[in-house]
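Chains as they are written, first to last, in full-length UniProt numbering: chain A, 1 to 383; chain B, 1 to 383.
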């Protein structure tokens, strides 16, 4: 069995604006700056880890560092940054640097999520390279060590994920030392991490139970993607800047809707996308048994109309042997059933609603425009 | 393959003293008070988790709560408490309650360690009940859900462990709100959690590499048992009370030595113990391939004297099929080789040295006596 892959989001931050007035202005450079912050943090921790044991540093910490620095579009820190900016946080100077560093800790939480999800899913590839548990297992096999290479690889991946989770907390504690700010960010920080766990649980549970309801599919999207990945990062950034409840509510509302729309776009690309642009084969969600809204709507409509179509869909879900042609047949069926268009409509409605919230909220024009661009990129992309 | 079981320590706190002068005096009641604190914390978090999703609360949080509240002797909080008391922290009143609550968070870290270690080791029993991953797998099987019950069980156990780790941080952040205290406890808190990970890694690595050196065995004991479980909890408690460097060094020295002696006693009981008193079959360490100091010394001596004895020992390590009689034969061999007595001697030396450190340190008589009792119980027990 296998679970959904957590999105290693493919959303770029807005391109550097031509109106940058200072080299310290971070707005257009968040992903690169986050990588820089993480690189500094790992350098410090690697040296502390060496004091515990050099092998621990060389084998576990170095691999976690390579994974964390080596890829990802830094979507969660980018949303946290724009939550900060939307709430009036400055784009340069000491406070901006602190906000950026705090936002960078979200990337360590995401490293844990990706590494451990890949163990749970049995996914062998991540970012075009062997998943961490596969890399650890290969080292074990190459060295002819005792015991099962797979079990060793999974065990070390679990540990590397735990380490990322622990260091995320340490990083936040070290970066934010003002007691009032610290108190403000606790609520989103706490909620985001628990939602990260809850979202993965709900996803695994829906697959195990073959849960075909639209309600469950949307619930998983709401917790695993929207809340953990968009809504709470925005909330976190806004809390850093001391946003009032009204602004937090607007940003969270935008995040919940745009985040869900992002996931629905991802589900559509999983069936109808161009592998040359998405970077992954079509049909993986189907083969893994993922319970998407697209599939739930398709199943309901098939049952209303034609029991043989429903049977064909049910047989395809979780069938690891599906060929690309099989996937295209399923895609055509979902199209004919109107499921594709229903999901496309939901994406448009969620996007419109999310943008309206931002349009009415009392935020600076720069931030509103950036959030608009992020939302469009997240929901209209073709890869 | 299988890894060492992390000790679910069997050390009781000192019995309530007859000289208790107040019902609020905590010294004799730490384990029970810790359970009470954890129970309150879970009640609050369970309700917050329900708001994310009732199934998450009922299936994951409830099982984690049952596991955390249902067993364990609270050894780490007990050592943290006596670190606090040794450094002059009061035994009753508001400050004592805060210290006790902070110390209780250590038990959540340990819940993560035990739950995830059992996944890595493939251990099926914990505290006389099915390990958490086994319980989750059984529910999956009973319900006839899709996919592999084992994989589902392990995935949910990983998530439950992560949740415990996250909530440990949340709990500490909520309990300790004085900025100066918070700053003081960061160093031991950070070190303890990273050492928890590093210790398990070093243990798995030694087993995989069939590392037979005494140095490695002692290194695993130093990080996985002594540092994570005794030294850092004491350090943490002392830091809560604002101990100076000299006292912290004395407590850490005691913790490193007593913690290692505790592990060596555990290794001896694993071969020579009475299952009726230890609660576990003899020989599990051998069957799991654990690289203990006892075994390392035995192997070295066997190689010096008699190659057939060395061969017999090497064949026994990691042989899951060993009978109890086989284990007794190995035990007899280690005895004849003098390995048993060499380890007994190390236990005595470590205990003496640890007690000396405490004897000379500037701490209150009550705390010195409690630490003395804890050390004797940890290293002289027969079960």
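Think of the CB as a built atom: it goes at the ideal place given N, C-alpha and C, for glycine as much as any other residue.
Cβ neighbour criterion (16 or more within 10 Å) applied to residue 138 of chain A: exposed
DSSP-derived helix/strand/coil call for residue 215 of chain B: helix
Exposure of residue 247 of chain B, with buried meaning 16 or more beta-carbon neighbours within 10 Å: It counts as buried.
Min CB distance residue 171 of chain A to chain B below 7 Å: no
Residue 195 of chain B: contacting residues in chain A (beta-carbon distance under 8 Å): Under the 8 Å cutoff, chain A gives 52.
Burial state of residue 332 of chain B, where buried means 16 or more other Cβ atoms lie within 10 Å: exposed
Exposure of residue 200 of chain B, with buried meaning 16 or more beta-carbon neighbours within 10 Å: buried
Alpha-carbon spacing of residue 91 of chain B relative to residue 268 of chain B, whole angstroms: 36 Å
Inter-stretch contact (C-beta, 8 Å, three-pair minimum) for the segment 221 to 232 of chain B and the segment 156 to 170 of chain A: no
Simplified DSSP state of residue 127 of chain A, which is helix, strand or coil: coil
Within-7 Å CB hit, residue 120 of chain B to chain A: yes
Among A/53, A/283, A/251, A/133, nearest to residue 81 of chain A - alpha-carbon criterion: Ranked by Cα distance from residue 81 of chain A, the options A/53, A/283, A/251, A/133 are led by A/251.
Closer than 7 Å to chain A by CB, residue 116 of chain B: Residue 116 of chain B counts as touching chain A.
Short Cβ contact (7 Å threshold) for residue 188 of chain A with residue 105 of chain A: no
Residue 77 of chain A versus residue 173 of chain B: straight-line alpha-carbon distance, rounded: 22 Å
CB contact check: residue 198 of chain B to chain A, cutoff 7 Å: yes
Closer than 7 Å to chain B by CB, residue 201 of chain A: yes
Assumed close pair residue 158 of chain A, residue 120 of chain B - CB separation to whole angstroms, cut-off 8 Å: The beta-carbon distance between residue 158 of chain A and residue 120 of chain B, rounded to whole angstroms, is 7 Å. This is short enough to meet the 8 Å contact definition.
Buried or exposed (CB count within 10 angstroms, at least 16 for buried), residue 260 of chain B: buried
Residue 174 of chain A, DSSP secondary structure in three states: helix
Interface partners of residue 179 of chain B on chain A, CB under 7 Å: 179
Alpha-carbon spacing of residue 278 of chain B relative to residue 73 of chain B, whole angstroms: 14 Å
Residues that residue 386 of chain A contacts on chain B, provided the C-beta gap is smaller than 7 Å: The structure shown has nothing for residue 386 of chain A, since chain A only spans 1 to 383.
Local Cβ density within 10 Å of residue 376 of chain A, reported as buried at 16 or more and exposed below that: exposed
Given 8 Å, three or more beta-carbon pairs between the segment 287 to 294 of chain A and the segment 206 to 222 of chain A: yes
Residue 322 of chain B: contacting residues in chain A (beta-carbon distance under 8 Å): Here the premise fails: no neighbours, minimum Cβ distance about 16 Å.
Of the residues B/141, B/319, B/249, B/185, the one placed nearest residue 102 of chain B, counting alpha carbons only: B/185
Residues, ordered as in the chain, of the segment 125 to 149 of chain A that lie near chain B by beta-carbon distance below 7 Å: 140, 145, 146, 147, 148
For residue 353 of chain B, the first and last residue of its enclosing alpha helix (DSSP H): 339 to 360
Spatial distance of residue 26 of chain A from residue 241 of chain A (CA atoms): Going from the Cα of residue 26 of chain A to the Cα of residue 241 of chain A covers about 16 Å.
Pick from A/161, A/144, A/117, A/85 that is closest to residue 68 of chain A, judged by C-alpha positions: A/161
Contacts that residue 49 of chain B makes with chain A (C-beta to C-beta distance below 8 Å): Residues of chain A passing the Cβ test: 194, 198.
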